[in-house]
Structure formats: C-alpha cells, structure tokens
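In the numbering used here, the protein residues as written are 32 to 316.
Beta carbons: idealized from backbone N, C-alpha and C, even for Gly.
Everything below concerns the one structure shown next.
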C-alpha cells in the first residue's frame, strides 16, 4: 500500500477565454511534473477556461465533463501514470458549473462542482449539486473543494469526518479577506488553510491562479501552499506575481496518525455530538 504521495503544485497564469492556450500550458506543466516523479498534479480553479464571469463568454467556451480537455488529461495520465486535478467551465444541459475533476488513465476519479459561488460567479454558474465527494485512490482518500468553499468550515470538517486524508483546493484567490493585502508571502487565504488543516487533521494542497488581471481576469494573488495535517507548511507560499511550481511529499501514515494528538488528546472522540453533529447522506458524525 502506498504511504507516501508526491504532489506537484502547478500555479499558472491563466488567460480568460483562451481555452486552447490554457490547456496547452496545463498539459505541458502536468507532463513535466508527472515525468519528474509526481504522483498527483494539482492545477488551479478554472485553469482551462480562465476565471470567466461573463455569461456569454462562459456559454461559448464551456465543455462537457467528457469533452476534449478530459480526453487530453486522461491520455496523459494513461501514458505517464498518476492523477491530474484541473478546473474548467463545465456544461451540463443548459447549466454551467465551476468544476474540478481528478482523472487517471481510465477517466474521472472524482467530479466536483463548486458549492459556494463567489460574487460575480452567481450570475454565470449554477451552484454545485454533487455534494462533497471523497474518492478512494491509490494515493489515499482524497476530497476536493474550490476557493471560496474554504471559507465555510463545514466543508473540510465534513470531508475529514468522511475519511478524507488529503483535500485539494484549486483556487483563484483575490483580495477582500485581508484588511491590507500583503505584497509578498502568505495572505489570509493561507492562514485559513493552515488552521483548518490542523483542526480537521487533513493535509491540504491549495493551488491558485496568479496575475490574472493582465489576462482579462481578476487580480489573482497566487501564493499557493501545501501543508500537513498539523497545518505545518510543506511548500509555499508560491510566487504572488508569476507562474510557479513546487513538489511536496505527503506521508499518509503521518496524516492518519495526526487524528490522535496524544493519549488524552483525541479531538474526534471528544466531539459533543449530543449538542452538535454533522450529517451527510443520512450518516451522522
């Protein structure tokens, strides 16, 4: 059984509406990462479409789950092995979704649609309707959320209680959550990732777009980060102004062990479910 996972954080500068160019960039970065030994590649939110919040443009560039982007990444994973995680503008009937998919060489492993829509997204996308899926993979039990979802503590808590060991959080981080956005280093987005990883005993890999204002999108902040289940930084924050990448090793045994912090410090056992509880698909924790 695999106990160590090599994860590549691929922070890219995404062009709004330039699907072919973005896909080429994402594929090239993924190929380099997998060829270099990565088991799991994580790309940003809407990495293929760009951060599209114009309804007309979104309608023109959206593609189905089994569209050309999926075919390209599945073929890459089949050739080199491993998993690739990417965000795109998904069309399903008349609805558009802000979607992230994890694929391997046989097809989608996990399919997630953003639950919590942010600001102008509400005029373009339909709120996610697939819940909070957690997938068993050869590299551990993985959950996914997208950017603004991290602001709702129930998201990571629910995935953690359902057995997630690693949570992937593709993002397009922007200002608004810092009183003053720092010029370098981590933002409050990073602080929230580290705190929730510690509280929920999961490793988190959060990969943001960067520098989008020059490409027709919002001024995305970059600063991607990966941490262990104690909230200790393993990589990042990456560049705040340019495309960047990093590779980290996640120790699955250490992640599982972090659920117990000491002989008498067992946060999961100490939860007062008689006062509060989390219910998902009919199961209560």
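Among the options, which one has its Cα closest to the Cα of residue i?
i: residue 34; options: 169, 72 and 224; result: 169
i: residue 91; options: 180, 155, 281 and 109; result: 155
i: residue 141; options: 161, 126 and 122; result: 161
i: residue 69; options: 37, 46, 60 and 58; result: 37
i: residue 83; options: 58, 215, 240 and 164; result: 240
i: residue 188; options: 50, 315 and 59; result: 315
i: residue 201; options: 309, 288 and 224; result: 224
i: residue 59; options: 107, 265, 308 and 254; result: 107
i: residue 242; options: 307, 290 and 273; result: 273
i: residue 62; options: 287, 116 and 228; result: 116
i: residue 278; options: 255, 148, 56 and 129; result: 255
When the Cα atoms are used, what is the spatial distance from residue i to residue j?
i: residue 175; j: residue 158; result: 15 Å
i: residue 136; j: residue 97; result: 13 Å
i: residue 251; j: residue 40; result: 16 Å
i: residue 321; j: residue 219; result: In the structure as shown, the chain starts at 32 and stops at 316, and residue 321 therefore has no counterpart that could be examined.
i: residue 238; j: residue 77; result: 11 Å
i: residue 303; j: residue 183; result: 20 Å
i: residue 271; j: residue 211; result: 15 Å
i: residue 145; j: residue 50; result: 20 Å
i: residue 268; j: residue 86; result: 32 Å
i: residue 207; j: residue 44; result: 20 Å
i: residue 266; j: residue 258; result: 7 Å
i: residue 112; j: residue 171; result: 15 Å
Residue range of the alpha helix (DSSP H) that residue i falls in?
i: residue 287; result: 283–288
i: residue 96; result: Taken as a continuous stretch (DSSP letters only), residue 96 belongs to no alpha helix (DSSP H), as it is neither H nor E.
i: residue 121; result: Here residue 121 belongs to no alpha helix (DSSP H); instead the beta strand (DSSP E) covers 114–123.
i: residue 199; result: Looking at the DSSP string, residue 199 is not in any alpha helix (DSSP H); the run it does join, the beta strand (DSSP E), is 197–202.
i: residue 228; result: 219–231
i: residue 299; result: Taken as a continuous stretch (DSSP letters only), residue 299 belongs to no alpha helix (DSSP H), as it is neither H nor E.
Between residue i and chain C, is the shortest Cβ-Cβ distance under 9 Å, so that the two count as touching?
i: residue 272; result: Among the chains in the structure shown there is no chain C, since it carries only a single protein chain.
Here's the rule: buried if 16 or more other CB atoms are within 10 angstroms of the residue's CB, otherwise exposed. What is residue i?
i: residue 54; result: buried
i: residue 79; result: buried
i: residue 296; result: exposed
i: residue 235; result: buried
i: residue 292; result: exposed
i: residue 196; result: buried
i: residue 213; result: exposed
i: residue 99; result: exposed
i: residue 346; result: As displayed, the chain neither begins before 32 nor continues past 316, which places residue 346 out of reach and without an answer.
i: residue 280; result: exposed
Starting from residue i, trace the beta strand (DSSP E) in both directions and tell me its first and last residue.
i: residue 35; result: 35–42
i: residue 239; result: 234–239
i: residue 126; result: 126–135
i: residue 167; result: 165–168
i: residue 265; result: 264–266
Would you check if the distance between the CB atom of residue i and the CB atom of residue j is smaller than 9 Å?
i: residue 230; j: residue 311; result: no
i: residue 105; j: residue 138; result: yes
i: residue 121; j: residue 93; result: yes
i: residue 165; j: residue 177; result: no
i: residue 46; j: residue 275; result: no
i: residue 123; j: residue 95; result: yes
So is the beta-carbon of residue i under 8 Å away from any non-hydrogen atom of the ligand MN?
i: residue 276; result: Questions concerning the ligand MN fall outside what the structure shown contains, since it holds no ligand whatsoever.
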